[in-house]
Amino acid sequence: MFYREVGQFKSTYAADMAIFPIRQDRIGIMAILAAAAVGVPLIANDFVLASIMIPGLIFTLAAIGLNILTGYAGQISLGTGAFMGVGAYAAFKLASAFPQVNVIVWILLSGVFSAGVGVVFGLPSLRIKGLYLAVTTLAAQFFLDWCFVRVGWLTDYSSSGAIEAARRSLFGVAISGPEATPLSRYFVVLGLVVFLTFIASNLVHGRIGRTWMMVRDMDIAAELMGVRLLPAKLLAFAVSSYFAGVAGAMMVFFWLGAAEPSAFSISLSFQVLFMVIIGGLGSMIGSYFGAAFIWALPVLIKFAPNLFGVEIQSATVEHANSMIVGALIIFFLIVEPHGLARLWAVAKQKLRVWPFPW
Amino acid sequence: MDLLAAIFVDPFVRMGTNPTFLIQVIWEGFVSGVLYALVALGFVLIFKASGVFNFAQGIMVVFAALALVGLHEAGVPAWPALAAAIGIMLILAIGIERVVLRPLVNQPDIILLMATIGLTRFLVGLGEMVFGGEPKVMITEALGIPTGILRLPLFEKNLILKEIDITAAVVAILMVTFLGVFFARTKIGRALRAVADDHQAALSVGISLNRIWVIVWFAAGIVALVTGIMWGARSQVSFDLEVIALKALPVLILGGFTSVPGAIVGGLMIGIGEKVGEIYWGRLLGGGIESWLAYLIALAFLLFRPQGLFGEKIIERV
Numbered sequence: 007m008f009y010r011e012v013g014q015f016k017s018t019y020a021a022d023m024a025i026f027p028i029r030q031d032r033i034g035i036m037a038i039l040a041a042a043a044v045g046v047p048l049i050a051n052d053f054v055l056a057s058i059m060i061p062g063l064i065f066t067l068a069a070i071g072l073n074i075l076t077g078y079a080g081q082i083s084l085g086t087g088a089f090m091g092v093g094a095y096a097a098f099k100l101a102s103a104f105p106q107v108n109v110i111v112w113i114l115l116s117g118v119f120s121a122g123v124g125v126v127f128g129l130p131s132l133r134i135k136g137l138y139l140a141v142t143t144l145a146a147q148f149f150l151d152w153c154f155v156r157v158g159w160l161t162d163y164s165s166s167g168a169i170e171a172a173r174r175s176l177f178g179v180a181i182s183g184p185e186a187t188p189l190s191r192y193f194v195v196l197g198l199v200v201f202l203t204f205i206a207s208n209l210v211h212g213r214i215g216r217t218w219m220m221v222r223d224m225d226i227a228a229e230l231m232g233v234r235l236l237p238a239k240l241l242a243f244a245v246s247s248y249f250a251g252v253a254g255a256m257m258v259f260f261w262l263g264a265a266e267p268s269a270f271s272i273s274l275s276f277q278v279l280f281m282v283i284i285g286g287l288g289s290m291i292g293s294y295f296g297a298a299f300i301w302a303l304p305v306l307i308k309f310a311p312n313l314f315g316v317e318i319q320s321a322t323v324e325h326a327n328s329m330i331v332g333a334l335i336i337f338f339l340i341v342e343p344h345g346l347a348r349l350w351a352v353a354k355q356k357l358r359v360w361p362f363p364w
Numbered sequence: 024m025d026l027l028a029a030i031f032v033d034p035f036v037r038m039g040t041n042p043t044f045l046i047q048v049i050w051e052g053f054v055s056g057v058l059y060a061l062v063a064l065g066f067v068l069i070f071k072a073s074g075v076f077n078f079a080q081g082i083m084v085v086f087a088a089l090a091l092v093g094l095h096e097a098g099v100p101a102w103p104a105l106a107a108a109i110g111i112m113l114i115l116a117i118g119i120e121r122v123v124l125r126p127l128v129n130q131p132d133i134i135l136l137m138a139t140i141g142l143t144r145f146l147v148g149l150g151e152m153v154f155g156g157e158p159k160v161m162i163t164e165a166l167g168i169p170t171g172i173l174r175l176p177l178f179e180k181n182l183i184l185k186e187i188d189i190t191a192a193v194v195a196i197l198m199v200t201f202l203g204v205f206f207a208r209t210k211i212g213r214a215l216r217a218v219a220d221d222h223q224a225a226l227s228v229g230i231s232l233n234r235i236w237v238i239v240w241f242a243a244g245i246v247a248l249v250t251g252i253m254w255g256a257r258s259q260v261s262f263d264l265e266v267i268a269l270k271a272l273p274v275l276i277l278g279g280f281t282s283v284p285g286a287i288v289g290g291l292m293i294g295i296g297e298k299v300g301e302i303y304w305g306r307l308l309g310g311g312i313e314s315w316l317a318y319l320i321a322l323a324f325l326l327f328r329p330q331g332l333f334g335e336k337i338i339e340r341v
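The listed protein sequences correspond, in order, to chains A and B. With our numbering applied, the first sequence corresponds to residues 7 to 364, in that order. With our numbering applied, the second sequence corresponds to residues 24 to 341, in that order.
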C-alpha cells in the first residue's frame, strides 16, 4: 500500500540490476541524505554531533569494512581494531611528513597501507577456515598492537606514545585539530562515509561481490566453478582493511583528535564485530543500523536515568551498561540472528502488502 | 652478521653457561602453560559437547574466583565459600543453557561465538556490580594451599620453586586424570562422548542434549574455578585475568579445538615457548613479545597442520 512498486517496469538489464531498483527507495534515500546533510546540522547541538553522529558514521564505515570480509566473503576477522590503527598511524605519518597535501587525500590513501597489512595477515585464510581463522586474525591484532606501542617511528617518537591530529583545513575551514568545529568535521565525515558506502555498495553488487558470496557460501564449490580462491579472499581482506583503515584515520583526525595505542585494542575489534552481527551480516544498510545501535545505546543508557530524574552513581551506570549491552546482544541474536537488516526487510514487506496480512 | 649471531648464537650460549637459569625459565613457562592448558580445557569441554566456541571461559575464571573471594570477605568460612562458589557455577551453567544455548540451537558458529562474547560483557558488568572492580587477594592460606618456597641445589646454584606452583601443577594433573576417568568410565561420560561424536545420533538413542550441556558447562565452570584459584594465588583476582582467555586461544588452535590431550600439550608448548622466547630472544625486539609470540607460533604451525596437533582431520565435501 505505502510501498508498492506496481507499474514500475524496467526495460534494460542495467535498470533491473540497479542498487535501488524501486522508486520509493530512491526517494527515501534522497530524503535520508537530505536530512543528514541539512536537517541534522540544523537540529543537533555540538554534543550530539561530536559524540553521536561523527563516531556513529565512522563506526559505520568500519562496520562496512568488516561486513565485506565477514558478511560477504565469509572470513571471520577479530583484527579490525588493529587495521583501523594501521590506517590511523599511516595517515598521521603521511600528514605530518607532507603537510602541504590536503589531509583528505592522506586519509583516503592511508587505507592503502592497512589494505597491504590486511593482505599479509589474510594469507593464512587459504589454508585456515572458520573459527581457526578468527583466532589467527587475533595474531594480527596483538602483533600490530605491540608495534603501535614499541615502534617509536610510528608516533614520531612522541613521549606520550599518542598520535595527535594536526590542524588542517579544507577550503579555508578547519576540519581537524583543536579549532575545527563539530559541524565542519561532521560534514567532512558525512561526505566521506557516503562516498565510500557508494563505492562499497557497487563493489558488492557487481561481479566481485558475487565472487565473494560464492566463496562465503561454499569455497570448495566456488573453486570448482572457476573462482580463484586466493585472489578472491585476499581482495576481500584488502578491501575490508582499506575501509577499516580509512575509518581509523578518520577516528583520529575527525573524532578523537588524538589517540593512544590502546584506542585500537581488541575491544574495538569486538565492538565493530558486534555492529556487523547486530546490524546483519551481508547487508550495507545493516552496517548503518548496527553502528547506530551499538554506539548510541550506551550513550542512551548513560543519560536515561537523568531524564527520569533518578540519580545513580556513574560507576553503577557503567556496570549496568555493560550488563544491558551484553544481555541485549544475546537477546537480539536469539530473536533475530540475521540482524536488524532482516527486521527492516520484514517491515518493508509488511508495508508492501498492507492492509492485507500477506 | 651481528644480528645473526644475536639470533642464532648468543641465546644458546647464555643457555649453556647458566643451565640452572634455563631450567628455572622452563619451569616458569611450564607453570603458566599448565594454567593456559586449564583454560583451554574449559574451552575444549564445551566445544566438544555443544560446538560453542566459548569466549566467556576467561570471564568464568574471573567470576568463579571473585565469587569465592567475595563470599569469604562477606564472612563465609573458606570451605563453605568454595562449596557456594561451585553452586554458583552450577546456577550459571543452568542459566546459560536455558537462556542462551537452548534458543540458539542450530545457529551458525559465528552467532554462537557472538552470544558468548555478549555473555562476557554481561558477566563483566554483573561481577563488577556485585563484587566491585578493585583487585582482590586470593584466600590462599584459608584454603590450605602451601605458599612457601623450595630451593633445589642444581649445577651449584639454586633452583627456586614456589610451592604454590607445584600445587597448581599437581592439581591440574589430578583434575585432568579425573576428567579422563570420568569420560572413559562413567555413564554420563559415555553420554558426553556420544554427544561430542554426533548430536543427532546421541539424541536418537535417548540422550538429553540439554542435560549434557548443563553438565559440560558446569564441568567447565569447575575447571574455571580451579584455574581462578591457582592463577589468583599467583597474582591477584581482578578482571585483568580475563585476558588469559585470549592467551588460551593459540593453545587451542595448536592443540585442536576438540582434543583434551591437545589442550594440555598445546598449553605446555605455548607456555614454555613464550617464556623462553621472551627471556632469550625478546630483547632483540625491544621486549614485550609475549603478547603475540604465542599467536605466531600457533599461526606458523597451522599453516602446516590446519586441524591442530590432535584435531580430527578436516574433510570437506561439496
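Even for Gly, the Cβ is constructed at its ideal location relative to N, Cα and C.
What's the C-alpha gap between A56/A and A40/A? In the first sequence, the residue the question calls residue 56/A occupies position 50. In the first sequence, the residue the question calls residue 40/A occupies position 34. Their backbone Cα atoms lie some 19 Å apart in a straight line.
When you compare the CB of Y318/B with every CB in chain A, is at least one pair closer than 7 Å? Counting from 1 along the second sequence, the entry for residue 318/B is found at position 295. It does: the Cβ of Y318/B has a partner Cβ on chain A nearer than 7 Å.
Closest to W112/A by CA distance: which of F89/A, A94/A, A297/A is it? If you number the first sequence from 1, residue 112/A lands on position 106. Comparing Cα-Cα distances from W112/A to each of F89/A, A94/A, A297/A, the minimum goes to A94/A.
Taking its Cβ as the centre, do 16 or more other Cβ atoms sit within 10 Å of A24/A, making it buried, or is it exposed? Locating residue 24/A in the first sequence gives position 18, counting from the first residue. Per the 10 Å Cβ criterion, exposed.
Bridge partners - V260/B, DSSP secondary structure assignment: In the second sequence, counting from the first residue as 1, residue 260/B sits at position 237. DSSP, once it has assigned bridges, lists K159/B as partnering V260/B.
Hey, I293/B and A317/B are a contact pair by Cβ (cut 8 Å); roughly how many whole angstroms apart? On the second sequence, residue 293/B is found 270 positions in, with the first residue counted as 1. On the second sequence, residue 317/B is found 294 positions in, with the first residue counted as 1. Right, the Cβ-Cβ distance comes to about 5 Å (below 8 Å), so this counts as a contact.
Secondary structure of E11/A, DSSP reduced to three states: For the purposes of this step, residue 11/A is taken as the residue at position 5 of the first sequence. In the structure shown, E11/A sits in coil (DSSP, three-state: anything other than H, G, I, E or B).
Mapping DSSP to helix, strand and coil, what is E266/A? Along the first sequence, one-based indexing puts residue 266/A at 260. Three-state result, E266/A: coil.
Taking buried to mean at least 16 other C-beta atoms within 10 Å of its own C-beta, is R121/B buried or exposed? Residue 121/B sits at position 98 when you count from the first residue of the second sequence. Looking at its Cβ environment, which holds fewer than 16 other Cβ atoms inside 10 Å, R121/B is exposed.
For P267/A, which residues in chain B fall below 7 Å Cβ to Cβ? Taking the first residue of the first sequence as 1, we reach residue 267/A at position 261. Correct list: empty, because the minimum Cβ distance to chain B is about 12 Å.
Measuring straight from C-alpha to C-alpha, what distance separates V204/B and R213/B? Walking along the second sequence from the start, residue 204/B turns up at place 181. Walking along the second sequence from the start, residue 213/B turns up at place 190. Rounded to the nearest angstrom, the two C-alpha atoms are 11 Å apart.
Residues of the segment 260–289 of chain A whose Cβ lies closer than 9 Å to any Cβ of chain B, in chain order: I272, F276, L279, F280, I283, I284, L287
Check whether G81/B and E313/B have beta carbons under 7 Å apart: Looking up residue 81/B in the second sequence gives position 58. Looking up residue 313/B in the second sequence gives position 290. In this structure, G81/B keeps its C-beta atom at 7 Å or more from the C-beta atom of E313/B.
Since E170/A sits in a beta bridge, which residues does DSSP pair it with? Against the first sequence, residue 170/A aligns to sequence position 164. E170/A is bridged to A264/A.
If distances are taken between C-alpha atoms only, which option among V194/A, M290/A, G288/A, L235/A comes closest to P47/A? As a first step, residue 47/A is located in the first sequence; it is residue number 41 there, counting from the start. Closest option to P47/A, Cα to Cα, is V194/A.
Grab me the residues of I69/B's own chain with a C-beta within less than 6 Å of its C-beta, minus the 5 sequence neighbours each way, in chain order. The residue labelled residue 69/B in the question sits at position 46 within the second sequence. V75, N77, V239, A243.
Counting only the same chain and skipping the five closest in sequence on each side, list residues whose C-beta sits under 8 Å from that of A242/A. For the purposes of this step, residue 242/A is identified with residue 236 of the first sequence, where counting begins at 1. Hits under 8 Å: I74, L75, Y78, A79, Q81, G128, W218, V221.
Which listed residue (E324/A, E266/A, G212/A, G254/A) has its alpha carbon closest to that of A20/A: Position 14 of the first sequence, counted from the first residue, corresponds to residue 20/A. Considering only alpha carbons, the answer is G212/A.
Going along chain A in order, which residues have a C-beta closer than 7 Å to the C-beta of W315/B? On the second sequence, position 292 is the one that residue 315/B refers to. What W315/B touches in chain A: A145, F148, F149, W152.
Rounded to the nearest angstrom, what separates F31/B and W236/B at their Cα positions? By 1-based counting over the second sequence, the position of residue 31/B is 8. By 1-based counting over the second sequence, the position of residue 236/B is 213. Between F31/B and W236/B, the C-alpha separation is close to 49 Å.
What's the call for I134/A, buried or exposed, on a 16-neighbour Cβ count within 10 Å? As a first step, residue 134/A is located in the first sequence; it is residue number 128 there, counting from the start. With 16 or more other Cβ atoms within 10 Å, it is buried.
Best match in T18/A, A265/A, T86/A, I70/A for proximity to I205/A [C-alpha to C-alpha]: Stepping through the first sequence from its first residue, residue 205/A is reached at position 199. Comparing Cα-Cα distances from I205/A to each of T18/A, A265/A, T86/A, I70/A, the minimum goes to I70/A.
If you reduce the DSSP assignment to three classes, tell me which class K356/A lands in. The residue given as residue 356/A occupies position 350 in the first sequence. Residue state, collapsed to three classes: helix.
Give the straight-line distance between the Cα atoms of L346/A and A138/B, rounded to the nearest whole angstrom. Reading the first sequence from its first residue, position 340 is the one you call residue 346/A. Reading the second sequence from its first residue, position 115 is the one you call residue 138/B. Taking the straight line joining both Cα atoms gives about 16 Å.
Would you mind telling me which residues of chain A sit closer than 8 Å to M137/B, beta carbon to beta carbon, in chain order? Within the second sequence, numbered from 1, the residue matching residue 137/B stands at position 114. In chain order: L279, F280, I283, I335, L339.
Residue closest to I214/A, alpha-carbon to alpha-carbon, out of M224/A, R234/A, L230/A: Working through the first sequence from its first residue, we reach residue 214/A at position 208. Of M224/A, R234/A, L230/A, the residue nearest in Cα terms is R234/A.
For a test of the three-state rule: what should DSSP assign to R125/B, helix, strand or coil? Locating residue 125/B in the second sequence gives position 102, counting from the first residue. Here R125/B sits in coil by DSSP.
Start and end of the beta strand (DSSP E) containing N366/A? Residue 366/A lies beyond the range of chain A shown here (7 to 364); nothing can be said about it.
Compute the Euclidean distance between the alpha carbons of D263/B and V85/B, then round it to the nearest angstrom. Here residue 263/B corresponds to residue number 240 of the second sequence, with the count starting at 1. Here residue 85/B corresponds to residue number 62 of the second sequence, with the count starting at 1. In a straight line, the C-alpha of D263/B is about 9 Å away from that of V85/B.
Which residues of chain B have a Cβ atom closer than 9 Å to the Cβ of I82/A, listed in chain order? Along the first sequence, one-based indexing puts residue 82/A at 76. D132, I133, L136, listed in chain order.
Please work out which residues of its chain come closer than 6 Å, Cβ to Cβ, to S293/A, disregarding the five sequence neighbours upstream and downstream, and give them in chain order. Position 287 of the first sequence, counted from the first residue, corresponds to residue 293/A. Here the set comprises T66, A69, I70, N73, G285.
R328/B - DSSP class collapsed to helix/strand/coil: Residue numbering aside, residue 328/B sits at position 305 when the second sequence is read from its first letter. In the structure shown, R328/B sits in coil (DSSP, three-state: anything other than H, G, I, E or B).
Is there a Cβ of chain A sitting closer than 7 Å to that of F86/B, yes or no? Here residue 86/B refers to the residue found at position 63 when the second sequence is read from its first residue. Chain A, which has no Cβ nearer than 7 Å to the Cβ of F86/B, makes this no.
Report all residues from its chain with a CB closer than 6 Å to the CB of A238/A; omit the five preceding and five following residues, and keep chain order. As a working note, residue 238/A is residue 232 in the first sequence. For A238/A, where only same-chain residues beyond five positions count, the Cβ hits under 6 Å are T217, V221.
What are the boundary residues of the alpha helix (DSSP H) that includes G45/B? Here residue 45/B corresponds to residue number 22 of the second sequence, with the count starting at 1. Going by the sequence as given, residue 45/B is Leu instead of Gly. Run containing L45/B: 42–73, per the alpha helix (DSSP H) assignment.
Give a yes or no on whether 7 Å exceeds the smallest Cβ distance from V141/A to chain B. The count along the first sequence starts at 1 and reaches residue 141/A at position 135. At least one chain B Cβ lies under 7 Å of V141/A.
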